[in-house]
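Have a look at the structure below before the remarks.
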Amino acid sequence: MKRTNRTPAKSSDAKVIKSSETFFNEVFPEDYNYQSGFGNEFATEDPRCPGALPPRGQNNPQRCAYGLYAEQLSGTAFTAPRESNERVWLYRIRPSAVHQPFKPIQSGPTNFTADFNAEPPNPNQLRWLPFVVPSLDERRLDFVESLATLCGAGDPKTRYGAAIHVYACNASMKDRAMYNSDGDFLLVPQQGELLITTEMGKLQVRPREICVIQQGIRFSVEVTGPSRGYILEVWGNHFVLPGLGPIGANGLANPRDFLTPVAWYEDRDLSAESAGYEIISKYQGALFVAKQHHSPFDVVAWHGNYAPYKYDLANFVVVNSVSVDHMDPSIFTVLTCPGAKAGTALCDFVIFPPRWGVAEKTFRPPYYHRNCMSEFMGLIYGNYEAKEEGFLPGGATLHSMMTPHGPDADCFEKASTAELAPQRVAAGTMSFMFESSLSLAVTAWANRICQRLDANYYKCWQGLKKNFTGPKTASSGGK
């Protein structure tokens with residue numbers, strides 16, 4: 001499947017979506033305004049400070065408006081090809097460098113890791129029951145404190161690899177922000193909305209939506225109740241839209257449906273006597289914290305093509321077979337992170353949305369499969385079509401490289417005898433897959449500590465019968 005870089009940046013494509021405006025049946029609350037487009041060259045300033053952006057033709061004037069500082073955040077090398085070069089200019093109250101020295105974090109998550117050599121390899125099919133969100137009575141956990149790593153491969157120091165994490169939190173981050181020095185986060189909320197403040201503005205991300213926060217961008221997460229979800233982290237490249245090839249110019253995830261926040265700032269200083277504001281850096285797989293006495297979300301204006309964004313999976317335009325056969329799941333790719341080999345992704349983000357099944361003379365569920373890629377699946381809501389029992393919202397499965405998988409016995413029996421009339425598939429359901437060309441290693445937390453690994457998963461295939469009607473072959477003894 002051919003991959004392409006981000007959509008060429010065109011500032012004329014950008015449209016500010018006001019909080020009072022309906023966009024694909026969505027009404028945004030106050031303080032959550034967006035610009036639409038994927039990879040656009042955006043330019044935005046907080047309306048409280050008109051003229052905060054420098055005049056056209058210049059990025060860092062001798063003196064910025066309102067006494068601001070100009071700061072560039074680079075998402076690619078300076079010399080990256082222009083069509084894939086990503087950077088943003090920030091006009092902020094204080095430079096990011098105004099903080100105390102970083103120190104290893106003492107109260108961080110103990111199950112968040114980049115060490116994928118601690119556990120012996122496990123080629124079995126793996127399934128996890130829904131991950132537990134603790135109650136506030138048990139323990140207060142914010143987004144960062146709740147992070148736990150399931151699996152991964154590669155090394156953030158060499159800038160090539162990926163990791164899959166989950167979060168299960170019950171409290172908002174208070175006077176603390178995080179940024180990922182290693183790579184990009186793709187967040188998939190499953191329970192509870194996330195109110196994310198970033199340096200570029202605010203995002204409201206609810207289940208069925210996804211959010212990408214790129215390397216280096218500071219963010220803080222507020223929650224309104226128990227919240228759970230999945231995270232795909234990639235090192236060494238950024239997510240782009242997949243190439244459409246013969247599909248044509250339109251389809252799958254359309255660029256205009258991606259939403260990027262408009263500029264928003266807070267000018268908030270904390271007293272010298274206070275505990276200060278914590279800045280948490282994920283660096284070479286470890287967490288560090290630095291203190292400062294002002295909010296990091298003091299960007300009054302910004303312009304560039306390197307900014308967080310969100311996407312509603314309901315806007316995905318599905319293509320499928322209208323004759324025979326079950327198509328390969330690559331047709332459901334929302335975003336891809338290109339790998340070292342052309343046509344082979346480091347990671348793909350794939351969904352299995354509601355759609356019509358009309359294939360004739362066909363076993364319509366996913367086929368039995370052994371893959372040279374690793375397949376991690378999660379369920380946001382509903383039931384997965386190939387396994388309606390045991391795979392639950394908030395849980396997960398991992399089918400590693402060349403590990404056999406496919407429909408369970410019940411699904412096979414039903415689909416083999418079903419009337420092949422047009423029917424809705426996956427109605428009321430949204431499942432997804434992180435597919436990677438890496439051989440993902442499972443962590444101790446995923447294997448034992450979380451106590452959610454389903455030891456009986458393999459049994460769902462044991463009921464598959466021998467239906468062979470051909471002649472028997474001779475035994476090894478010749479009889």
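Counting from 1, position 352 in the sequence shown corresponds to residue 352 in the UniProt record's numbering; the numbering is continuous, with no gaps.
From the three backbone atoms N, C-alpha and C, an ideal C-beta is built for every residue, glycine too.
No experiment lies behind these values; they were computed from the predicted model shown.
K472 sits in coil when the DSSP states are folded into three classes, being neither helix nor strand.
Taking 8 angstroms as the cut-off, the Cβ atoms of A43 and A52 do not count as close. Pairing S416 with L346, the inter-Cα distance amounts to about 35 angstroms.
Residue environment: E389 is assigned as exposed (fewer than 16 neighbouring CB atoms within 10 Å of its CB, all protein chains considered). When secondary structure is reduced to three states using DSSP, E360 falls in the coil class, being assigned neither helix nor strand. For S374, the enclosing beta strand (DSSP E) covers residues 374-381. A direct Cα-Cα distance of roughly 17 angstroms separates S274 from V98. In this structure L141 is not in contact with V166, their Cβ atoms being roughly 12 angstroms apart against a cut-off of 8 angstroms.
The alpha-carbon of A162 is positioned some 34 angstroms away from that of E45.
Looking at the DSSP output, C151 shares a beta bridge with I164, V442. In this structure, the beta-carbon distance from V300 to E199 does not fall below 8 angstroms.
Contact between the stretch 30-39 and the stretch 245-261 is established, with three or more Cβ pairs separated by less than 8 angstroms.
According to DSSP, K310 shares a beta bridge with C211, L259. DSSP places S281 in the uninterrupted beta strand (DSSP E) bounded by 277-283. When DSSP reads this structure, E233 sits in a beta bridge with A163, F185.
DSSP places S84 within a helical segment (H, G or I) once states are collapsed to three. Around the C-beta of I231, 16 or more other C-beta atoms lie within 10 Å, and the residue is accordingly described as buried.
Judged by their CB atoms, Q125 and Y458 are nearer to each other than the 8 angstroms cut-off. Counting of Cβ neighbours within 10 angstroms places D348 among the buried residues, the total reaching 16 or more. From the listed residues V317, S330, S181, L464, the smallest Cα separation to F412 is found for L464. By the beta-carbon neighbour count (other beta carbons within 10 angstroms, threshold 16), R159 is exposed. If you look at D410, you'll find it in the alpha helix (DSSP H) that goes 409-417.
In the DSSP assignment, A70 forms a beta bridge with Y91. Nearest neighbour of N371 by Cα position, chosen from V358, S96, M401, A396, turns out to be M401. The secondary-structure analysis by DSSP pairs G39 with nothing; it has no beta-bridge partner. For E389, there is no enclosing beta strand (DSSP E), since its DSSP letter is neither H nor E.
Taken through DSSP and simplified to helix, strand or coil, F219 comes out as strand. By the CB criterion at 8 angstroms, L440 and L129 fall outside the cutoff. Only residues of its own chain outside the window of five on either side were considered, and among them I164, L232, C347, F349, F376 have a CB closer than 7 angstroms to the CB of F434, listed in chain order. DSSP, reduced to helix, strand and coil, places N371 outside both helices and strands of the structure shown, so it counts as coil.
Here N237 is buried. Its C-beta has 16 or more other C-beta atoms within 10 Å. Fully enclosed alpha helix (DSSP H) runs of no fewer than 4 residues are not present anywhere in the stretch 287-350.
A427 and D155 have their C-alpha atoms spaced approximately 39 angstroms apart. Per DSSP, W264 lies in no beta strand (DSSP E) segment and is marked neither H nor E. Under the three-state reduction of DSSP, G463 is assigned to coil, being neither helix nor strand.
Within its own chain, the residues whose Cβ lies closer than 6 angstroms to the Cβ of R127, once the five positions on either side in sequence are excluded, are T397, D454, Y457, listed in chain order.
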